[in-house]
Amino acid sequence: MSTLTTDPRPEAQGVRSGDVPLHALLAEFATPGELMHAAEAVRKAGFRWWDCHTPFPVHGLDKAMGIKPTILPILVFGAGATGTAVGFALQAFTNSSALTLWAIVWVTGYPFLISGKPLLSTPAFVPVMFELTILLAATSTVFLMLLFNGLPWLHHPLFRSERFRRVTDDKFVLVIQARDPKFSRGKTEQFLRTLNPVAVEAVEA
Amino acid sequence: MTTLRADQAFLPSGEPDNTVEVPGTRAPLVFNHDSFHAVTETVCKVPEAKSPPLIWTLGFLLALMCTGMLGFMVTYLIFTGVGVWGLNNPVSWAFDITNFVFWVGIGHAGTLISAILFLFRQKWRTGINRFAEAMTIFAVICAGLFPGIHIGRVWLAYWLFPIPNQMEMWPQFRSPLLWDVFAVSTYFTVSLLFWYVGMIPDLATLRDRATGRIQQFGYGLFALGWRGSNRHWHRYERAYLLLAALSTPLVLSVHSVVSFDFAVSQLPGWHSTIFPPYFVAGAIFSGFAMVVTLAVPARQLFGLKNIITIRHLDNMNKVILVTGCMVGYAYSVEFFVAWYSGAMYEKFAFVNRAFGQYWWAYWIMVSCNVITPQLFWFKAIRTSIPLMFILSIFVNVGMWFERFVIIVTSLANDFLPTSWDTFVPTWVDVGTMVGAFGLFFTLFLLFCRYLPMIAMAEVKAIMPQANPHAGPGPGPGTGPGPGTGPGIGHAAAHSHGEGAHP
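Below is the structure:
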């Protein structure tokens, strides 16, 4: 399989391909358009453990790859609604009630009488409820996005490839992982070559 | 008719003019970058340079000295008490809150560019959003300093937050000042997240190009292992859209809440229903002026003229013109309402503002904020680099004085003439104000030197060859199209090459 790789390191030259487990096969494309055609072909071929890597989000690639819409917005809505409820509860408890309850320590509310306004003056609580809605929704957006993406994950087998480093610059790469049930080193490489890539490379696990 | 073609026109300064609208085509937003790699090179060469430009070093030293002065002023204040400021009995807020409102306002342009222009699919935002957002963060840091130090007993600042304490006391949530605590801290957190999330792909670019161990580790750590996976991009884009959608009402709420600090009180000159929209317009006005003030030298110094083009600057000047008109309108409506209300104190407050002991501050404000932006009706001024830089500084000065006028003139002469007094700033007041600028520029210059100043991934996504339907390009990137002027990357009309899609 010496034709497979252009990685200059000796261990990547393919001679040990029989005994070193493979992470994936990587195919590089010159333009987003070519990558998108390749992605459509890979999806139609029935692969499941594969991905495209691009320097920027390519418009239409989600559809070509058959990625289902993320449930992130629904969860963020839930987080925002929690923020509203927490905002109201916090202010109603601390400023409008004399309740004592346990929140890590024992705390007691203090009914503030301010310029003869009602104790539970909800309109005055709206700004803080709003800010907490945004705060919880925005922080959960970021943390859930990272969680679903499996990040941070500082090391990854793909980073072994010199070629892969250009993905964050200007190269477009399609990766089929060895764990895919349909994966077979020879056949998958042949298949990738039919998609007109610039190069195909093996990445060790 | 060469001037009708956007890609063939040039400004008197020699820069290509992409401000002209050519029917049926999109104006090019990036010049002289035929490939994605060229954009990476242009942006990355700043943080990758061995040593910064000399002007950067000199500016940084100056800013650092001012920051040191700020540290001294704040320490002196804490050890001595707020009496070191020129505050007196009626004027209990002066430079401190003026600086606070000024800096919060500066921040608003960054969020407007990053969130509101994103929702409106304004592609030109990609050239300027990164450093406008950085400006927001640093401005909010400066803003957050002032309420912290003006409270007198700084060591009791935790009373601002609902933390269980030995006195069993809670903050008073019906007060706009407490709403402000929540608004500004939420604003800072969300702006920081928005800025950082936008920067993750670009930090990954710097990580993958880094040669030194420190850079590899530093950029690698903060890039979180980003590898440009399209399954990741899918969630990332959705998250970015959500952040934009959340930041838009947030930014409007923050300055509205800041204005409530005044409007909810009963002081003539403050007690006004126009304040929330008036403050938001003023914030965007001053913030855009600060973006221009920073963008003009930055694009010159770091060779970014082909990415922050004259069209970007022209658009920003148009925003300054529009918001400047809104601010001018608000000034006149305030006077009209004071007269129409028939309230003696209200009428006096405004006549006093224009002709009382602070008349000079009022007229500096009017000339800088009402007259100056009107010059941007002329295209020659909107596209002249030196003129726009000078005018943007005038707007910055004017907007600082606007807050000073609102706060100090209203407090100095309120209901009872026997309790009137005049505020005169002390050297500590002035030193703290200058020091805050030092802190702002220190942080901003560090950002320029070590972080990607341009959102590379976003700029690449708006280039014509990013459109997957553009067809295979010959070799590295798509070459200039037919009829394109020499050396200018073409921007063919394409139907849907958005950086993100809903």
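Residue numbers (my numbering), protein chains in the order written: chain A, 158 to 362; chain B, 385 to 886. Here a beta-carbon is modelled for each residue, glycine too, at the ideal position from N, C-alpha and C.
Discussion item. Taking its Cβ as the centre, do 16 or more other Cβ atoms sit within 10 Å of G666 (chain B), making it buried, or is it exposed?
Written reply: With 16 or more other Cβ atoms within 10 Å, it is buried.
Discussion item. Looking at the secondary structure, which residues open and close the beta strand (DSSP E) in which C450 (chain B) lies?
Written reply: From DSSP, C450 (chain B) is part of no beta strand (DSSP E) but of the alpha helix (DSSP H) over 438 to 464.
Item to complete: Leaving out five residues on either side along the sequence, give the residues of the same chain with a beta carbon under 7 Å from the beta carbon of I769 (chain B).
Response: Only S397, V680 meet the Cβ criterion.
Discussion item. In whole angstroms, give me the CA-to-CA distance for N780 (chain B) and T793 (chain B).
Written reply: Their backbone Cα atoms lie some 20 Å apart in a straight line.
Worksheet entry | Residue from B:I790, B:F799, B:F773 with nearest C-alpha to Y729 (chain B) | Taking only the C-alpha atoms, the option nearest Y729 (chain B) is B:F799.
Worksheet item: CB G815 (chain B) to CB T451 (chain B), shorter than 7 Å?
Response: No. Outside cutoff.
Item to complete: Report the three-state DSSP secondary structure of E425 (chain B) (helix, strand or coil).
Response: Assignment of E425 (chain B) by DSSP, reduced to helix, strand and coil, places it in the helix class.
Worksheet item: Are the C-beta of W310 (chain A) and some C-beta of chain B separated by less than 7 Å?
Response: By this cut-off, W310 (chain A) is an interface position.
Worksheet item: Taking 7 Å as the CB-CB cut-off, is Q347 (chain A) touching chain B?
Response: For Q347 (chain A), the answer is no, since every Cβ of chain B falls outside 7 Å of its Cβ.
Item to complete: Output the boundary residues of the alpha helix (DSSP H) element that contains V717 (chain B).
Response: Residues 694 to 725.
Item to complete: State whether the stretch 443 to 462 of chain B contacts the stretch 604 to 613 of chain B, with contact taken as three or more CB pairs (one from each stretch) at a distance under 8 Å.
Response: With a cut-off of 8 Å, the stretch 604 to 613 of chain B and the stretch 443 to 462 of chain B do not count as touching, because too few Cβ pairs lie within range.
Practice prompt. Tell me the start and end of each unbroken beta strand (DSSP E) in the stretch 268 to 337 of chain A that is at least 3 residues and wholly inside, in chain order.
Written response: For the stretch 268 to 337 of chain A, whole beta strand (DSSP E) runs of length 3 or above, ordered along the chain, are 329 to 334.
Item to complete: Anything in the stretch 606 to 631 of chain B with a Cβ closer than 8 Å to a Cβ of chain A? List those residues in chain order, please.
Response: Per Cβ criterion, the list reads L608, G609, W610, R611, G612, S613, N614, R615, H616, W617, H618, R619, Y620, E621, R622, A623, L626, L627, L630, S631.
Worksheet item: Counting pairs of beta carbons, one from the stretch 743 to 754 of chain B and one from the stretch 781 to 788 of chain B, are three or more of them closer than 8 Å?
Response: Segments in contact, yes.
Worksheet entry | 7 Å Cβ cutoff, Q556 (chain B) in contact with chain A | Chain A places a beta carbon closer than 7 Å to that of Q556 (chain B), counting this residue as a contact.
Worksheet item: In angstroms, rounded to a whole number, what distance separates the CA positions of G467 (chain B) and E621 (chain B)?
Response: Cα to Cα, the separation comes out at about 51 Å.
Worksheet item: Straight-line CA distance for S159 (chain A) to I439 (chain B)?
Response: Only weak support is given to the placement of S159 (chain A): the predicted model assigns it a pLDDT of 37, under 50, and the value that follows is read from those uncertain coordinates. Spanning the two alpha carbons is a distance of roughly 52 Å.
Worksheet item: Taking only runs of the alpha helix (DSSP H) that begin and end inside the stretch 739 to 820 of chain B, which ones reach a length of at least 4 residues, in chain order?
Response: Within the stretch 739 to 820 of chain B, the complete alpha helix (DSSP H) segments of 4 residues or longer fall at 743 to 750, 763 to 766, 769 to 788, listed in chain order.
Worksheet entry | Touching by the beta-carbon criterion (3+ pairs, under 8 Å), the stretch 634 to 645 of chain B and the stretch 484 to 494 of chain B | Judged by Cβ distances under 8 Å, the stretch 634 to 645 of chain B makes contact with the stretch 484 to 494 of chain B, as three or more pairs qualify.
Practice prompt. Starting from L352 (chain A), follow its DSSP beta bridges and name the residues at the other end.
Written response: According to DSSP, L352 (chain A) shares a beta bridge with no other residue.
Discussion item. Going by beta-carbon coordinates alone, are V843 (chain B) and V430 (chain B) separated by less than 7 Å?
Written reply: In this structure, V843 (chain B) lies away from V430 (chain B), with their beta-carbon atoms at least 7 Å apart.
Worksheet item: Assuming P801 (chain B) and A733 (chain B) make a contact with CB atoms under 8 Å, what is their CB distance in whole Å?
Response: With a Cβ gap of about 13 Å, P801 (chain B) and A733 (chain B) do not count as contacting.
Worksheet entry | N- and C-terminal bounds of the alpha helix (DSSP H) containing H616 (chain B) | From DSSP, the alpha helix (DSSP H) with H616 (chain B) extends over 614 to 647.
Worksheet item: Is the shortest distance between the beta-carbon of E361 (chain A) and the beta-carbons of chain B less than 7 Å?
Response: Not one chain B Cβ lies under 7 Å of E361 (chain A).
Item to complete: For the alpha helix (DSSP H) containing H417 (chain B), list its first residue and its last residue.
Response: Taken as a continuous stretch (DSSP letters only), H417 (chain B) belongs to no alpha helix (DSSP H), as it is neither H nor E.
Discussion item. In this structure, how does DSSP classify T495 (chain B) when only helix, strand and coil are distinguished?
Written reply: Looking at T495 (chain B) - three-state DSSP - the assignment turns out to be helix.
Worksheet item: Which residues of chain A have a Cβ atom closer than 8 Å to the Cβ of D592 (chain B), listed in chain order?
Response: What D592 (chain B) touches in chain A: R322, R323, V324, T325, D326.
Discussion item. If you follow the beta strand (DSSP E) that F504 (chain B) is in, where does it begin and where does it stop?
Written reply: For F504 (chain B), there is no enclosing beta strand (DSSP E), as DSSP marks it with neither H nor E.
Item to complete: Count the other CB atoms, across all protein chains shown, that sit within 10 Å of the CB of P212 (chain A); report buried if there are 16 or more and exposed otherwise.
Response: By the 10 Å Cβ count, P212 (chain A) comes out buried.
Worksheet item: Cα separation between Q347 (chain A) and E361 (chain A)?
Response: Rounded to whole angstroms, Q347 (chain A) to E361 (chain A) spans 18 Å at the Cα level.
Worksheet item: By the criterion of Cβ-Cβ separation under 9 Å, what are the contact partners of M553 (chain B) in chain A?
Response: What M553 (chain B) touches in chain A: Y267.
Discussion item. Looking at the secondary structure, which residues open and close the beta strand (DSSP E) in which H180 (chain A) lies?
Written reply: H180 (chain A) -> beta strand (DSSP E) spans 179 to 186.
Fill in: Nearest-angstrom Cβ-Cβ length linking W579 (chain B) and I521 (chain B), presumed shorter than 8 Å
Rounded to the nearest angstrom, the Cβ distance from W579 (chain B) to I521 (chain B) is 6 Å, consistent with a contact under 8 Å.
Fill in: Between the CA atoms of I691 (chain B) and F828 (chain B) - distance to the nearest angstrom
Cα-Cα distance, rounded: 19 Å.
Practice prompt. Specify the secondary structure class of D401 (chain B) as computed by DSSP and reduced to three states.
Written response: Secondary structure of D401 (chain B) (DSSP, three-state): coil.
Worksheet item: Does the beta carbon of M302 (chain A) sit closer than 7 Å to a beta carbon anywhere in chain B?
Response: Using a CB distance cut-off of 7 Å, M302 (chain A) counts as an interface residue toward chain B.
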